[in-house]
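Per full-length UniProt numbering, the sequence shown runs over residues 1 to 173. Right, one structure below, let's go through it.
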Amino acid sequence: MTTLAAVAVTTATFLGMEFVAWFMHRFVLHGPLWFLHRSHHVRHPHAFERNDFFFLFYGSLSMLLIMYGSAAKDFRFWMGVGIASYGTLYFFVHDVLIHGRLRFWRKSRNAYLRALNMAHKIHHKTTGRDGSEEFGLLWVSPKYYQLALRRPAPTRVLRGKSTQPEYQQDKQG
């Protein structure tokens, strides 16, 4: 497989995973597999939730594609890489940024990431199986992006530092 074809398969798989994630979330997780996904919509004191089992499905699928396609580096290998890439980004955006499961990234000043966060909060506003909206991960409805552009970005204050810029401190001191 040529480099260009490998990049095309990986990119197409990565982008296709957004549709797969939206479809699965909308019709399967909020449908027949709600009994597993419900744990993601309710507060609980546990570090893990039943919803985390879905990682095993997509991780296993990615691993199998990479393993069976690795000898020839054929399309299966690059599809597995695309799924793994999407899963990695999903973890950082969804679990780290939005839900704060690892506390090293608190707030973003980026309008797109703030819009993503707003859309996800709207999704979680409904704790039941029905009535939710915004099922994707990376695609954000334009209304949330516009709202993020209109709202001021969060300010960051470093602990132990003055909130005044240095040039103002020099004039006063």
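Beta carbons are placed, not taken as given, at the ideal position from N, Cα and C, and that holds for glycine. Predicted model, so just to flag it, every value in this text is computed and none were measured.
Start-to-end residues for the alpha helix (DSSP H) that takes in residue i
i    : result
L137 : Counting along the chain, L137 falls outside any alpha helix (DSSP H), and DSSP gives it neither H nor E.
H123 : 111–125
A5   : 3–23
G69  : 53–69
K143 : 142–150
L29  : Looking at the DSSP string, L29 is not in any alpha helix (DSSP H), and its letter there is neither H nor E.
Other residues of its chain near residue i: CB distance less than 7 Å, five sequence neighbours each side excluded
i    : result
R76  : L65, Y68, G69
G59  : G87
F53  : L36
W139 : E18
S141 : A119, E134
V20  : none
L137 : E18, A21, Y90, V93, H94
Proximal residues to residue i (C-beta, below 8 Å), its chain only, five neighbours per side dropped
i    : result
T147 : Sequence inspection shows Leu at residue 147; the Thr mentioned does not correspond to that position. The answer, listed in chain order, is A115, M118.
D130 : H30
W34  : R129
Closer than 6 Å: residue i CB and nearest the ligand NAD heavy atom
i   : result
F57 : Inclusion of the ligand NAD in the displayed structure is not the case, the ligand content being empty and no account of it being possible.
Own chain, CB closer than 6 Å to residue i, minus 5 neighbours either side, in chain order
i    : result
R50  : L36, S39
R26  : F135
I98  : N117, H120
G80  : S62, L65, I66
A111 : A148, L149
S85  : F14
May I have a chain-ordered list of the beta strand (DSSP E) segments no shorter than 3 residues that lie completely inside the stretch 78–105?
Listed in chain order, nothing qualifies, since the stretch 78–105 has no complete beta strand (DSSP E) run of 3 or more residues.
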